[in-house]
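A.B. asks: Just dropping this structure here.
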Amino acid sequence: MLKFRVSLLSLALLLGASVAAPVMAKTPAVTTAAQPQIASGSAMIVDLNTNKVIYASHPDLVRPIASITKLMTAMVVLDARLPLDEKLKVDISHTPEMKGIYSRVRLNSEISRKNMLLLALMSSENRAAASLAHHYPGGYDAFIRAMNAKAKSLGMTNTRFVEPTGLSIHNVSTARDLTKLLVASKRYPLLGQLSTTREDMATFSNPPYTLPFRNTNHLVYRDNWNIQLTKTGFTNAAGHCLVMRTVFNGNRWRWW
């Protein structure tokens with residue numbers, strides 16, 4: 003039996019093979035013999051083989067989504083087909099939400115666009131996500147417009163982005179919309195590869211230094227989970243958030 007306690011969950015499971023689910027806002031757990039146990043106010047689980055909704059609880063509740071935002075940030079970067087090996091300068095100058103937010107990553111140091119994507123998806127590094135937006139063709143404002151245009155094209159009718167990190171409470175979505183984002187992510191294999199990387203030693207230049215990073219979803223370290231894509235998030239307003247595509251074979255997995 004699957005057990006989840008998060009504020010926002012979007013889960014895509016491949017049954018025997020896939021399912022999709024989003025969750026938001028804590029409420030008492032729902033328990034039946036045939037359903038997952040989910041302590042959340044908004045959730046949706048979908049079988050990606052059949053597109054059948056397996057579980058839903060207030061799936062159209064609009065809430066802040068925290069760093070789930072970074073999945074859309076990465077998708078928009080890949081849509082632009084920019085060189086992944088291009089070195090980018092760490093730049094947060096157009097992201098006021100970053101003021102006072104601690105990061106080990108040094109401003110104005112450089113790392114490749116692919117590694118920026120890795121740090122944003124695997125470790126939810128805010129400076130990496132902000133920098134990806136700053137180095138977008140047309141600039142930061144064009145990037146935010148592209149995020150919202152992408153959401154609209156995917157039919158995410160209750161989703162809105164104002165910045166690329168998820169720190170703003172005005173980045174909002176629903177469990178149903180996030181399921182659509184998970185379905186779309188199947189067309190971006192690099193997102194799955196980067197988001198499920200367990201750990202990495204990132205090498206920066208100007209000045210040269212290295213930093214270790216680990217995945218924010220501890221389920222990627224468990225051998226009994228076959229996770230194809232994942233993104234976590236947390237802010238006080240959003241609570242704990244999770245979107246995930248995974249293969250599920252009916253084992254009694256539990257995550258709290």
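Numbered by our numbering, the letters in the sequence shown go through residues 3 to 258 in order. Ideal Cβ positions, reconstructed from N, Cα and C, are used throughout, including at glycine.
1. Exposed or buried, which one is D49 when buried takes at least 16 other CB atoms within 10 Å?
2. Mind checking L11: buried by the 16 CB within 10 Å criterion, or exposed?
3. Quick check on DSSP: helix, strand or coil for V222?
4. According to DSSP, H242 sits in a beta bridge with which residue or residues?
5. By DSSP, does T33 sit in helix, in strand, or in coil?
6. Tell me which residue opens and which closes the beta strand (DSSP E) that L213 is part of.
7. How many angstroms separate the CA atom of K66 from the CA atom of H137?
8. So the candidates are G102, S59, I113, L119; which of them puts its Cα closest to the Cα of P191?
9. In the stretch 128-213, which residue ranges form an unbroken beta strand (DSSP E) of at least 3 residues, counting only runs that do not cross its ends?
10. Here's the rule I'm using: 16 or more other beta-carbon atoms within 10 Å means buried, otherwise exposed. How should D87 be labelled?
11. Between the Cα of Y57 and those of M203, R178, H242, S95, spot the shortest distance and give me the residue it belongs to.
12. Whole angstroms are fine: how far does the CA of R108 sit from the CA of A239?
13. Does the Cβ of E127 have 16 or more other Cβ atoms within 10 Å, making it buried, or fewer, making it exposed?
C.D. replies: Based on what the coordinates show:
1. Taking the sequence shown and counting its residues from 1, one reaches residue 49 at position 47. Buried: at least 16 other Cβ atoms inside 10 Å.
2. In the sequence shown, the residue the question calls residue 11 occupies position 9. Buried.
3. Mapped onto the sequence shown, residue 222 falls at position 220. Helix.
4. Taking the sequence shown and counting its residues from 1, the one referred to as residue 242 is at position 240. Answer is F236.
5. Numbered from 1 along the sequence shown, position 31 holds the residue referred to as residue 33. Residue placement at T33 is flagged as unreliable, the pLDDT there being 37, under the threshold of 50; the coordinate-derived value follows with that caveat. Reduced to three states, the DSSP call for T33 is coil.
6. Here residue 213 refers to the residue found at position 211 of the sequence shown. 211-216 is the span of the beta strand (DSSP E), which, as asked, contains L213.
7. Mapped onto the sequence shown, residue 66 falls at position 64. Mapped onto the sequence shown, residue 137 falls at position 135. Note on identity: in this sequence residue 66 is Pro, with Lys being the wrong assignment. Rounded to whole angstroms, P66 to H137 spans 25 Å at the Cα level.
8. Position 189 of the sequence shown, counting from 1, holds the residue named residue 191. Measuring from the Cα of P191, the nearest candidate turns out to be L119.
9. 201-206
10. As a first step, residue 87 is located in the sequence shown; it is residue number 85 there, counting from the start. Exposed.
11. In the sequence shown, residue 57 corresponds to position 55, counting from 1. Nearest option by C-alpha distance: R178.
12. Translated into the one-based positions of the sequence shown, residue 239 becomes position 237. Translated into the one-based positions of the sequence shown, residue 108 becomes position 106. Their Cα atoms are separated by approximately 27 Å.
13. As a working note, residue 127 is residue 125 in the sequence shown. Buried: at least 16 other Cβ atoms inside 10 Å.
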